[in-house]
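Notes to accompany the following structure.
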Amino acid sequence: MKLFDVYPLYDVTPVSAKGIEVLDDKGQKYLDFYGGHAVISIGHSHPHYVERLKAQLDHIGFYSNSIKNPLQNELATKIGELSNCGDYNLFMCNSGAEANENALKMASFHTGKSKVIAFNNAFHGRTSAAVATTDNPKINAPINKQQEVTFLAFEDFDGLEKALQSGEYCAVILEAIQGVGGLDEPSSAFYQHIAKTCKTYGAMLIADEVQSGFGRSGYFFAFQHHTSTSPGIRPDIISIAKGMGNGFPVGGVLIHESIEASYGLLGTTFGGNHLACAATMAVLEVLEKENLMENAVLLGAYFLEKAKEVQQVKKVKGRGLMLGLEFDFAVSDLRKRLIHNQYMFTGGSANKNLLRFLPALNITKDNINVFFEALKAELV
Ligand SMILES: Cc1ncc(COP(=O)(O)O)c(C=O)c1O
Numbered sequence: 000m001k002l003f004d005v006y007p008l009y010d011v012t013p014v015s016a017k018g019i020e021v022l023d024d025k026g027q028k029y030l031d032f033y034g035g036h037a038v039i040s041i042g043h044s045h046p047h048y049v050e051r052l053k054a055q056l057d058h059i060g061f062y063s064n065s066i067k068n069p070l071q072n073e074l075a076t077k078i079g080e081l082s083n084c085g086d087y088n089l090f091m092c093n094s095g096a097e098a099n100e101n102a103l104k105m106a107s108f109h110t111g112k113s114k115v116i117a118f119n120n121a122f123h124g125r126t127s128a129a130v131a132t133t134d135n136p137k138i139n140a141p142i143n144k145q146q147e148v149t150f151l152a153f154e155d156f157d158g159l160e161k162a163l164q165s166g167e168y169c170a171v172i173l174e175a176i177q178g179v180g181g182l183d184e185p186s187s188a189f190y191q192h193i194a195k196t197c198k199t200y201g202a203m204l205i206a207d208e209v210q211s212g213f214g215r216s217g218y219f220f221a222f223q224h225h226t227s228t229s230p231g232i233r234p235d236i237i238s239i240a241k242g243m244g245n246g247f248p249v250g251g252v253l254i255h256e257s258i259e260a261s262y263g264l265l266g267t268t269f270g271g272n273h274l275a276c277a278a279t280m281a282v283l284e285v286l287e288k289e290n291l292m293e294n295a296v297l298l299g300a301y302f303l304e305k306a307k308e309v310q311q312v313k314k315v316k317g318r319g320l321m322l323g324l325e326f327d328f329a330v331s332d333l334r335k336r337l338i339h340n341q342y343m344f345t346g347g348s349a350n351k352n353l354l355r356f357l358p359a360l361n362i363t364k365d366n367i368n369v370f371f372e373a374l375k376a377e378l379v
């Protein structure tokens, strides 16, 4: 049997990794400034993470959601504490798409409605409702097109209000910082408008924090950058995944406690298993112990300073360590040269001119210096 050939591959075969260093099968060392699509949040094979997962496996790795699993309760409490979202309840699943699928489903159950508002350039995953709210016709199969989704531009205050006035929408879903789309953000005024208009017309606000959550933007959740202005934003549902497991496949939805659960409403075989809980607890413990949200803020600011030294950079986008450098040329060649000449992984996006920088949250100033030296070398 061969593999179903859907991934264009770089010719690199990693065999081990530690922190931001990745070693390939030929003994070549690479620096990972991409974290495998923003997944590696505390560094590859962090000792605490490895220890916790091994210890868990020595006890019990998996049982289904038909038994008690106190690790899930501990995890919910810890996420609530670190995110300042203790007034939400946690449902665990296995990926970002599944998190959004369940978020949209909950919004529809709760309101009895089915239409959704999403935004231009959004990426919410590849499953049924999640892919329908993703702004990419190429990955929407005919079977996904049954969903009724209205795409709006960020800052379309009137369009949003007009659509929600119809009373037909169950949800508005958005990324506070778009990942795959290229790091665009709504203004605080627009995010506030979405929150207020959703409340007025009875639609659920879904914050997709799959990529921007778990501290990457400098706050636990990126929507929290918009809560300093009154009134504070409290999404009805928050979806999480990626950095949550530092590579272990785990996702979840935080559902505001005002939304009631009932037996059987949501469910999954693997979601919330013992290993997934241990992986996520390890990530949270390291985030807290190593002050990684503070590090994301400080190093994000340092990255901004260093970027000013590179005249070809037209704009720096993003927050914390969810960053991108915009050029006036397509970056695909530059990314290849960074891999093959400088041995560094970086990311692309729907915006062809944007080089994405999504490292582990415990990188250092020295790592950023090395990145910029390599970038300058490739830009001469
Ligand atoms: C914001 C956002 N939501 C959802 C997803 C889908 O996550 P997954 O690939 O784990 O299904 C992604 C993946 O890139 C994402 O960036």
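By numbering that gives the first Met the number 0, the letter at position 338 of the sequence shown is numbered 337, and the numbering carries on one by one without gaps.
Ideal Cβ placement from N, Cα and C applies to all residues, glycine included.
Tell whether a beta-carbon distance below 9 Å holds between residue i and residue j.
{"i": "residue 254", "j": "residue 68", "result": "no"}
{"i": "residue 317", "j": "residue 216", "result": "yes"}
{"i": "residue 173", "j": "residue 200", "result": "no"}
{"i": "residue 95", "j": "residue 272", "result": "no"}
{"i": "residue 204", "j": "residue 171", "result": "yes"}
{"i": "residue 360", "j": "residue 142", "result": "no"}
{"i": "residue 327", "j": "residue 310", "result": "no"}
Using the C-alpha atoms, what's the distance from residue j back to residue i?
{"i": "residue 225", "j": "residue 26", "result": "45 Å"}
{"i": "residue 348", "j": "residue 140", "result": "21 Å"}
{"i": "residue 293", "j": "residue 165", "result": "43 Å"}
{"i": "residue 235", "j": "residue 32", "result": "33 Å"}
{"i": "residue 373", "j": "residue 351", "result": "20 Å"}
{"i": "residue 287", "j": "residue 1", "result": "43 Å"}
{"i": "residue 12", "j": "residue 262", "result": "45 Å"}
{"i": "residue 378", "j": "residue 355", "result": "16 Å"}
Ligand 1 and residue i: does the residue's C-beta get closer than 8 Å to at least one heavy atom of that ligand?
{"i": "residue 209", "result": "yes"}
{"i": "residue 123", "result": "yes"}
{"i": "residue 117", "result": "no"}
{"i": "residue 36", "result": "yes"}
{"i": "residue 351", "result": "no"}
{"i": "residue 97", "result": "yes"}
{"i": "residue 129", "result": "yes"}
{"i": "residue 178", "result": "yes"}
{"i": "residue 316", "result": "no"}
{"i": "residue 250", "result": "yes"}
{"i": "residue 240", "result": "yes"}
{"i": "residue 94", "result": "yes"}
{"i": "residue 174", "result": "yes"}
Three-state secondary structure (DSSP) at residue i?
{"i": "residue 100", "result": "helix"}
{"i": "residue 123", "result": "coil"}
{"i": "residue 284", "result": "helix"}
{"i": "residue 208", "result": "coil"}
{"i": "residue 29", "result": "strand"}
{"i": "residue 150", "result": "strand"}
{"i": "residue 358", "result": "coil"}
{"i": "residue 88", "result": "strand"}
{"i": "residue 318", "result": "strand"}
{"i": "residue 57", "result": "helix"}
{"i": "residue 48", "result": "helix"}
{"i": "residue 134", "result": "coil"}
{"i": "residue 325", "result": "strand"}
{"i": "residue 296", "result": "helix"}
{"i": "residue 94", "result": "coil"}
{"i": "residue 371", "result": "helix"}
{"i": "residue 17", "result": "strand"}
{"i": "residue 168", "result": "strand"}
{"i": "residue 351", "result": "coil"}
Please list, in chain order, all residues of the same chain as residue i whose beta carbon is under 6 Å from its beta carbon, the five residues on each side excluded.
{"i": "residue 191", "result": "none"}
{"i": "residue 303", "result": "315"}
{"i": "residue 47", "result": "281 and 285"}
{"i": "residue 297", "result": "none"}
{"i": "residue 212", "result": "220 and 239"}
{"i": "residue 184", "result": "176"}
Excluding the five sequence neighbours on either side, which residues of its own chain have a C-beta within less than 7 Å of the C-beta of residue i, listed in chain order?
{"i": "residue 108", "result": "264"}
{"i": "residue 126", "result": "96, 97 and 100"}
{"i": "residue 113", "result": "107, 147 and 169"}
{"i": "residue 342", "result": "27, 28, 29 and 30"}
Give every residue of the same chain whose Cβ lies closer than 8 Å to the Cβ of residue i, excluding the five residues on either side of it in the sequence, and list them in chain order.
{"i": "residue 134", "result": "117, 118, 119, 120, 121, 122, 150 and 180"}
Less than 9 Å between CB atoms is the rule here; does residue i satisfy it with respect to chain D?
{"i": "residue 244", "result": "You won't find chain D in this structure, because it holds only one protein chain."}
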